[in-house]
Amino acid sequence: MEQEFRRVSRRTILSEVQSLEEEHYRLIQICATTVEDGYEILYTFGKGYDEVQVKIHTDEGEHVQSISRLFPPAWLYENEIHDLHGIAIDGITLDFRGGLYRTKEKAPFAHKEEKEGK
Amino acid sequence: MSSRSVIPFGPQHPVLPEPIHLDLVLEDEKVVEAVPSIGFVHRGLESLVTKKDFKEMVYVAERICGICSFGHGFGYCDAVEHIMDIEVTERANYLRTILFEMSRMHSHILWLGLMADAFGFESLFMDTWRIREKVLDMLEAATGGRVIFSILDVGGLRRDIPDDMLKSFLPVLDEIEKELAIDVKAFLNDSAVKSRLCGVGFLSAEQVEKLGCCGPFLRGSGVKRDSRKLGYAAYDDIDFEIITSDDCDTYGRTFVRAQEILQSISIIRQAIEKVPAGEVMVPVKGFPKGEHMTRIEQPRGEACYYVKANGTKFLERMRVRTPTFANIPALTETLQGCSLSDVPILVVAIDPCISCTER
């Protein structure tokens, strides 16, 4: 059976996950993928053995809202996405400001042009 | 009012050879806050998908970690097989289950040894690791490798394991079960051990759910969830109950892991009895196109493998969410309010695998 990856707008991500939180879903993971015209961020939530995949698209340089106030463990995933992909995430409850990963190269998974511009 | 001080813990751990750092905020001997730092040895293996083709990536996935090696290879293959609509043969599924459970056994036994070392029970540490060698010997006989097996491939297994070899594992499993029962008794009943584990690192069922915990850390707080029940490989045909503990502390987590070793023996026995004859590999044609998220139960908990493919031989993305990564927020929670002397035990109690986390 094919999995469903529900696409939502970057601007409505908080209200989308709010409804999942109210339905007692838990956060399984968040990850980012570098795509041609920016980044995709995939949120996976679970309830029992069921899962829901929610995906947003963000252009380079755009800011994304943190979901860590609704799902506390999100702070770790969001810091990771910031450190590896260079995506700015606003309102992380425990923000390491780029200090979670000690990589030799800053934001190694970011778009090349973006890294050169920094 | 006592004054606060911050002390660095790690990246060198008294027991673990892998680097994790914690800034511990103390009031006298009590930890009031713990801030983790990781990324000392981050390897960026996920980014290799743009340089290695999707078949070569099996080797990379297996090398994420030396302990959970088989699970990583399996999770990656499973995600690609879903995208490509590949149905693995029944025999391959059973053999994968056997190898997965042997991996769980050696991982959990290794952890028991580390835990014994952490609370200063050297003879228990040595005995558990002696028993673990027997599991590694079986894996070596079956695959040619002790920790990195390179037997997995997209579509099944690279080579078969003969039935007579599988049967020869049964008396070894009997022996391991007998010897391990003595060590497990010491772990669960010894008063000195209990004094270091009971009541340490309490997290309720509600807390572990909220903090996104997985694996024995989750089940040690009474939550009955194990991703093997999703039914991948041959787990649908195997009879096993999810092991939980209502202790909600380090003792509960130890109990779950100890019992899971014995349960793995039972699963392997069932699988050896039921393994059907047949091929272990199906032909794989073309390149993957699509995306899939696979969830499996690694020894340390649920691991997620997200694969996105564009129809070429190179993937767009492979993402591995390791169980240790998921358990870090809960680790910082258990450290709050604990005594400084309990920090090494609480860190070991999540069975941290930093190589997985620094994939």
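Order-wise, the sequence lines are chains W and R.
Adding 7 to a residue's 1-based position in the first sequence gives its number in my numbering.
Adding 349 to a residue's 1-based position in the second sequence gives its number in my numbering.
All C-beta atoms in this analysis are idealised placements derived from N, C-alpha and C, irrespective of residue type, glycine included.
Beta-carbon gap between residue i and residue j smaller than 8 Å
i, j, result
"R:Leu506", "R:Val629", "yes"
"R:Thr681", "R:Ala467", "no"
"R:Val503", "R:Lys404", "yes"
"R:Ile645", "R:Gly424", "yes"
"R:Leu593", "R:Ala698", "One point to set straight first is that residue 593 of chain R is Thr, not Leu, in the sequence displayed. Not a contact, by the Cβ cut-off of 8 Å."
"R:Thr446", "R:Ala583", "yes"
"W:Thr41", "W:His118", "yes"
"R:Pro672", "R:Cys563", "yes"
"W:Arg17", "W:His64", "yes"
"R:Cys597", "R:Ser576", "no"
"R:Cys687", "R:Val542", "no"
"W:Val59", "W:Leu27", "yes"
"R:Lys516", "R:Ile621", "yes"
"R:Leu485", "R:His457", "no"
"R:Val631", "R:Glu436", "yes"
"R:Thr477", "R:Ala490", "no"
"W:Ile96", "W:Glu112", "no"
8 Å Cβ cutoff, residue i in contact with chain R
i, result
"W:Arg109", "yes"
"W:Leu27", "no"
"W:Leu49", "yes"
"W:Lys125", "Residue placement at W:Lys125 is poorly supported in this model, since its pLDDT is 48, which falls under 50; the coordinates are not used for a value here."
"W:Ile74", "no"
"W:Tyr56", "yes"
"W:Arg33", "yes"
"W:Phe12", "yes"
"W:Phe52", "no"
Buried or exposed by the 16-neighbour rule on C-beta atoms within 10 Å, applied to residue i
i, result
"R:Ile616", "buried"
"R:Val390", "exposed"
"W:Thr100", "exposed"
"R:Glu555", "exposed"
"W:His31", "exposed"
"R:Tyr581", "buried"
"R:Asn538", "exposed"
"R:Ala658", "buried"
"R:Pro385", "buried"
"R:Val355", "exposed"
"R:Thr399", "exposed"
"W:His70", "exposed"
"R:Glu378", "exposed"
"R:Pro520", "exposed"
"R:Asp512", "exposed"
"W:Lys125", "With a pLDDT of only 48 at W:Lys125, under 50, the local geometry of the prediction cannot be trusted, and no value is derived from it."
CB contact below 8 Å: residue i versus chain W
i, result
"R:Glu561", "Correcting the residue identity first, residue 561 of chain R is Gly in this sequence and not Glu. Chain W contact via Cβ: present."
"R:Arg649", "no"
"R:Lys657", "yes"
"R:Ser396", "yes"
"R:Cys709", "No answer is possible for residue 709 of chain R: it lies beyond the span of chain R, which begins at 350 and ends at 708."
"R:Leu579", "yes"
"R:Ser558", "It should be noted that the sequence gives Glu, not Ser, for residue 558 of chain R. So yes, R:Glu558 belongs to the interface."
"R:Glu665", "yes"
"R:Asp700", "no"
"R:Asp691", "no"
"R:Phe358", "no"
"R:Pro565", "no"
"R:Phe389", "yes"
"R:Phe551", "no"
"R:Ile525", "no"
"R:Arg668", "yes"
"R:Ile677", "yes"
Of the listed residues the options, nearest to residue i (C-alpha basis)
i, options, result
"R:Val656", "R:Leu529, R:Asp427, R:Gln647 and R:His641", "R:His641"
"R:Ile510", "R:Lys527, R:Leu488 and R:Arg353", "R:Leu488"
"R:Arg574", "W:Arg33, W:Arg14, W:Glu28 and W:Phe12", "W:Arg33"
"R:Val605", "R:Leu519, R:Cys702, R:Ile703 and R:Arg453", "R:Arg453"
"R:Val374", "R:Phe358, R:Gly420 and R:Ile694", "R:Phe358"
"W:Glu87", "W:Gly45, W:Phe78 and W:Thr110", "W:Thr110"
"R:Arg440", "R:His455, R:Val380 and R:Arg508", "R:Arg508"
"R:Ala675", "W:Ile96, W:Pro79, W:Ala114 and W:Val24", "W:Pro79"
"R:Gly660", "R:Met433, R:Cys417, R:Glu707 and R:Lys401", "R:Met433"
"R:Glu707", "R:Glu367, R:His362, R:Arg353 and R:Ser352", "R:Glu367"
"W:Gly45", "W:Leu107, W:Pro115 and W:Ile94", "W:Ile94"
"R:Pro678", "R:Leu689, R:Leu695, R:Asp586 and R:Asp691", "R:Leu695"
"R:Gln619", "R:Leu522, R:Ile480, R:His431 and R:Leu365", "R:Leu522"
"R:Lys527", "R:Ile480, R:Ser352, R:Tyr408 and R:Asp585", "R:Ile480"
"R:Phe636", "R:Glu558, R:Asp402, R:Asp700 and R:Arg568", "R:Asp402"
Cβ-heavy atom distance, residue i to the ligand SAM, below 7 Å
i, result
"W:Ile94", "This structure does not include the ligand SAM; it has no bound ligands of any sort."
- Query: With a cut-off of 8 Å, do at least 3 Cβ pairs link the segment 657 to 671 of chain R to the segment 393 to 402 of chain R?
  - Reply: Output reads yes: the segment 393 to 402 of chain R touches the segment 657 to 671 of chain R.
Could you say if the segment 541 to 560 of chain R and the segment 402 to 420 of chain R meet the contact criterion of at least three C-beta pairs nearer than 8 Å?
With a cut-off of 8 Å, the segment 402 to 420 of chain R and the segment 541 to 560 of chain R do not count as touching, because too few Cβ pairs lie within range.
> Do the segment 462 to 477 of chain R and the segment 427 to 447 of chain R touch if we need at least three Cβ pairs shorter than 8 Å?
Replying inline: Not touching, per the Cβ criterion.
* Does the segment 525 to 540 of chain R touch the segment 47 to 57 of chain W, meaning 3 or more C-beta pairs lie closer than 8 Å? -> For the pair of segments examined, the segment 47 to 57 of chain W was found not to touch the segment 525 to 540 of chain R: the number of CB pairs separated by less than 8 Å stays below three.
Segment contact, 8 Å Cβ cut-off, at least three pairs: the segment 10 to 28 of chain W with the segment 57 to 76 of chain W: The segment 10 to 28 of chain W is in contact with the segment 57 to 76 of chain W.
Selection of the segment 440 to 468 of chain R by Cβ proximity to chain B, strictly under 8 Å: Among the chains of the structure shown, chain B does not appear; the protein chains present are W and R.
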